[in-house]
Structures are given as structure tokens and as C-alpha cells.
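Enquirer:
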Amino acid sequence: MKFNEVRWIIIVMFFVLSITNIWFGLFGVICMGLPIFQALRGKGKLHCKSHCPRGSFLSKVVSKISLRNSLPKFMLTNGFKNTLLIIMGVMLTISMIHSGGNPKKIAFGLFRLMGISFIFGIVLGIFFKPKAWCAICPMGHSTTLITNLKTRNKFKREQIEEIKKKRA
Ligand code: SF4
């Protein structure tokens, strides 16, 4: 069986294990950090395309019950995506501050944030297209922002190199 076919099981396991033992909530940091890490390494949206268990769950499981409507246009604007990214960032920061550095509370904070976004993703997937969440996902949006920034910087560096060569 190919990894691609079964990677959605990872997110199910994450919630099952975290409900039985909250320490597993700490694995949420991988789910949130990996897309950013890969984008910073110049891999663009590799995580979304090939690794993300949540995206896989939406396309493999939620697709079976999805009404497949289009998302309202306002949800596809950068303003909406940036707002959602800021809200998630603020929620994460507040729960980390409230944890006072206690790993168990950090695990719970990560689990709660993962749970809220997971439920939100499923609800969106049912009423709209299965992967509607991916169009507004703060992690996916962050990788787009990082990739755009890296591409712009690379373009600028290439332009500077070209100018230098012409002057030499
Ligand atoms: S957009 Fe978000 S949920 Fe969708 S595949 Fe990427 S990281 Fe996963």
C-alpha cells in the first residue's frame, strides 16, 4: 500500500492517541512546523502536495460526503487568509503563554488548536469542496508567503548578479 493512500491515518492516530494520552499532543508541533520548515528549505509546497496527513484526510475521507460547493469569494482573498493566519498565531501564542512552559499544557494547547482547525476543515469540506480548508489553511498560506518571498529574493539576487556582470 502506498504512503500517499494511507497518510490520512496519521492525523486520525494523532487525535486518538492524544485523547487517550495528552502527551501525544506534542506531535502537533510537527504538523504545524513541517510545512514551514520545508518552505524555508526552498521546497515550496512539497508538504501540502506529498506529506500532509490532514490534506490527505480531507481528500480521501471528507470527499466521500462533500457537497462540493465553491468557497465564497471573500474567503479566497489574501485579506481573509492573512486574518486567519494572524488569529491562529495569536491563539497559539496565548496558549503557549498560558502553559507557563509546562510541557503537558503545551501539548494540550497544540492538541486544542489542531482539533479546532481539524473540525473547521471537516465542516468546510462537507459544505464546500473537500479540500476547501487547504485554500485558506494558515500553514499552507504561510508556505505560499515564504515561497513567494524566497522567489522574489532569488530574482533580486539574480538581477544584482547580472548588473555586476555587465559592469565587470
Ligand atoms: S494547505 Fe494545510 S491542510 Fe492543506 S495540505 Fe497544506 S498544510 Fe495540509
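Residues in the sequence shown are numbered from 70 upward in steps of one, following this note's numbering. Quick reminder that beta carbons are idealized off the backbone N, C-alpha and C, glycines included.
Determine whether the beta carbon atoms of His120 and Thr212 lie at a separation below 8 Å.
Expert: No, the pair does not count as a contact, with Cβ atoms beyond the cut-off.
Enquirer: Taking Asn73 as the reference, which of Glu230, Leu127, Phe143 and Gly184 has the closest Cα?
Expert: Of the candidates Glu230, Leu127, Phe143 and Gly184, the one whose C-alpha sits nearest the C-alpha of Asn73 is Leu127.
Enquirer: For Phe197, which beta-bridge partners are listed by DSSP?
Expert: Bridge partners of Phe197: Asn138.
Enquirer: Which of the three DSSP states, helix, strand or coil, is assigned to Thr146?
Expert: In the structure shown, Thr146 sits in coil (DSSP, three-state: anything other than H, G, I, E or B).
Enquirer: Shortest alpha-carbon distance to Lys112 belongs to which of Ile163, Thr216, Glu227 and Arg137?
Expert: The shortest Cα separation from Lys112 among Ile163, Thr216, Glu227 and Arg137 belongs to Thr216.
Enquirer: Rounded to whole angstroms, what is the Cα-Cα separation between Arg236 and Arg110?
Expert: Using only the alpha carbons, I get a separation of about 32 Å.
Enquirer: Are there 16 or more other CB atoms within 10 angstroms of the CB of Ile163, so buried, or fewer, so exposed?
Expert: Label assigned to Ile163: exposed.
Enquirer: Taking Gly124 as part of the alpha helix (DSSP H), name the residues at either end of that continuous run.
Expert: Taken as a continuous stretch (DSSP letters only), the alpha helix (DSSP H) holding Gly124 covers Pro122 to Lys129.
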